[in-house]
Amino acid sequence: MRHGCKINHLSRTHAHRVAMLSNMATSLIMEKRIETTLAKAKALRVYVEPIINRSKEDTTNNRRVVFSYLHSKEAVNELFREVSQKIANRPGGYTRILKTGIRHGDNSEMCIIELVDYNENMLKASTEKKAKSTRRSRAKKAEAVEAPAATEEPKAE
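Per the numbering used here, residue 393 is the first one in the sequence shown, and the count goes up by one each step.
Shown next, in the form of structure tokens:
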């Protein structure tokens, strides 16, 4: 029974799973977006978000802790130099999972996992939505225009 077991083991041994998540986290930090299965993306999100959160404070200890998870000097430098600047004001939720459908070979759910602050298309869409005004119906506008005109005519007579 799986009572209290919250980690998805992804049908892999511990060493294989840790190596896979480390490689995927490195790829996500370097490429800003990767395509994978939904189960792996959910496991990666749990793995990478505390690492990204550590990059907010650039200390030697934080760099060493992050390096112990990623095993890539280039990814650590990228994380602490560029990614940490973009996420400095964000309190959490550094990744986004977008479902893309199924893979035809084995019918597994596929998705794209990306760093939130690097998707330029969604950033533009969110700024456009804020500028949008509230919706008004045409009937109320027509009544508002006709009502003052009706009150003015009796005063003119």
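The beta carbon of each residue, even a glycine, is placed where N, CA and C say it ideally should be.
Return the first residue and the last residue of the beta strand (DSSP E) that residue i is part of.
i, result
"E501", "501-507"
"I494", "487-494"
"I399", "Here I399 belongs to no beta strand (DSSP E), and DSSP marks it neither H nor E."
"I479", "Note, I479: premise wrong, no beta strand (DSSP E); not H, not E."
Using the Cα positions of residue i and residue j, report the straight-line distance between them to the nearest angstrom.
i, j, result
"T405", "T418", "20 Å"
"I443", "E470", "13 Å"
"Q477", "C503", "26 Å"
"E520", "L462", "37 Å"
"P483", "E441", "11 Å"
"M416", "S460", "15 Å"
"K465", "R527", "52 Å"
"R495", "K516", "30 Å"
"N454", "N513", "32 Å"
"N511", "E427", "14 Å"
Where does residue i fall in DSSP's three states?
i, result
"E427", "strand"
"T451", "coil"
"R437", "helix"
"S529", "coil"
"R404", "coil"
"R567", "Examination of residue 567 is not possible in this model, given that the chain is present from 393 through 549 alone."
"S464", "coil"
Would you kindly report the start and end of the unbroken alpha helix (DSSP H) that includes residue i?
i, result
"N511", "Neither: N511 is in no alpha helix (DSSP H) and is coded neither H nor E."
Give a yes or no on whether the C-beta atoms belonging to residue i and residue j are separated by under 7 Å.
i, j, result
"I489", "D509", "no"
"N501", "L420", "Going by the sequence as given, residue 501 is Glu instead of Asn. Taking 7 Å as the Cβ cut-off, E501 and L420 do not qualify as a contacting pair."
"E506", "R446", "no"
"A467", "M412", "no"
"R437", "T492", "no"
"R394", "L402", "no"
"D450", "F472", "yes"
"A433", "N400", "no"
Using only the heavy atoms of the ligand HEM, determine whether one of them is closer than 6 Å to the beta carbon of residue i.
i, result
"E441", "This structure lacks the ligand HEM, and indeed carries no ligand of any kind."
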